[in-house]
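The next block holds one structure in the form of structure tokens; read it before the comments.
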Amino acid sequence: MPSPNGAHDLNPERWVDEHGDFLFHYALSRLRDPVRAEDFVQEALLAALRSTDRYLGRSCERSWLTGILKHKLLDHFRKAGRETNFTDLEFYGEEENKTFENQAFPDHWNDSCAPGEWEAAGAALDREEFWRVFHRCSSKLPERVARVFLLREVDDVSSEEICNALNISPNNLWVMLHRARLALRRCLEMNWFGIRREGEGDG
Amino acid sequence: VRPLLNWLKWRWILVLAALTPSCRQVARLASRRHEHPLSRNDSVGKGSTRASRAARVEGSPFSSRLRAAAGARAPRPTRGARVLPRKSAASLQLSPWDRLRLRAHLTICDACERYLRQLDILYEAAGKLGERLPDLGAEARLAAEAKERLKARLRCERAG
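Listed in order, the protein sequences are those of chains A and B.
Residue 66 in this note's numbering sits at position 52 of the first sequence; the count goes up by one each step and never skips.
Residue 111 in this note's numbering sits at position 9 of the second sequence; the count goes up by one each step and never skips.
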């Protein structure tokens, strides 16, 4: 909210009450470690406090704070990426082969895994329960695959930036995203759209 | 005439089957957008998050583009998605041969048609995920003590 002298009346303690849970959840879904997530929220809020003069009020407070947290996390991933070999390509590889295992037509959908009809899919996005299922499904992805998926699909970080930050090749990124989508689709189909086939458990 | 038509029909299906990519290849093509500099957010400038978000809202998700690129008939619209005009096919950078094969595949494969539609839903859901905070229980929220710790740290920082 701009004050008469043009500055913005920012109340850092109010940030904690109003945006703390959101920021924590944002960090937690990317780090999967509540202690580290809390640390990053603190770092982001402190960074925001130090740069309140740069906040122009063009975006809403939550977007501004989330942007700072996102950059903090990217920096963290960039450092971690240099130290570790960041791939998780084995994930879903076998499952993908099974999905496209067809006796009559090689590399076509296996009858037991072919996409079914999703009824009222658009309306599902308005339902709170759908989002819980979506979170549950994305949390079943391996940590690194989930991180890549969230950066690319949710945070809209460019492929190039992700590859640089996480020290992975574009091809690896593409394979991880492809398999993440296949896995998420399957999980949603079973757990939200209720399409189950014989021999399937609680995906 | 009928036997002749039947004969042609089965030959046509065989030709299509020989021409089309496999379902696995179609699924992979759907993920190729990440390699295309002109697709989705990369088309509006690297790092331009706001612009790319706007582009996502304005444009249809990739799979609709894929269908448009393949020249398939208009897909069933998904919520919030708008079918791009055919010129967007250029942004996919699929070769005419690939487009023809894709079109042929989508003509005969309902499962892939459904898969592309479902990708639309996934993209839309992922795009909204950042704005949503479903009630996931206490473990996905900051504990009261943690909030107090944060506030104290902020007070301390503010006081210098």
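Glycine included, every Cβ here is placed at the ideal spot set by N, Cα and C.
A quick note: this is a predicted structure, and the numbers were derived from the prediction, not measured.
No residue range can be given for L155 (chain A), since it is assigned to no alpha helix (DSSP H) and is classified by DSSP as neither H nor E. Note on geometry: alpha-carbon atoms of V103 (chain B) and W112 (chain B) lie some 14 angstroms from one another.
Here D169 (chain A) is buried. Its C-beta has 16 or more other C-beta atoms within 10 Å.
Here the alpha carbons of V147 (chain A) and A129 (chain B) stand approximately 23 angstroms from one another. Cβ contact annotation for A134 (chain A) (same chain, cutoff 7 angstroms, sequence separation greater than five): none. Against chain B, the CB of V168 (chain A) has a partner CB under 8 angstroms away; the residue lies at that interface.
Per DSSP, reduced to three states, the secondary structure at F119 (chain A) is coil, with no helix or strand assignment.
Judged by beta-carbon spacing, E157 (chain A) lies within the 8 angstroms limit of R46 (chain A), meaning their Cβ atoms are closer than that value. Among the residues of chain B, those whose CB is under 7 angstroms from the CB of F38 (chain A) are R243 and L244, following chain order. For L121 (chain B), the number of other beta carbons within 10 angstroms of its own is below 16, and it is reported as exposed. Below the 8 angstroms Cβ cutoff, chain B contributes S124 as neighbours of P120 (chain A), in chain order. Chain B has a Cβ within less than 8 angstroms of the Cβ of F148 (chain A).
For N205 (chain A), the enclosing alpha helix (DSSP H) begins and ends at P184 to N205.
With respect to the C-alpha of V159 (chain A), the residue from A:V189, A:L139 and A:H149 having the closest C-alpha is A:V189. Looking from the CA of F207 (chain A), the closest CA among B:S124, B:L208 and B:I223 belongs to B:I223.
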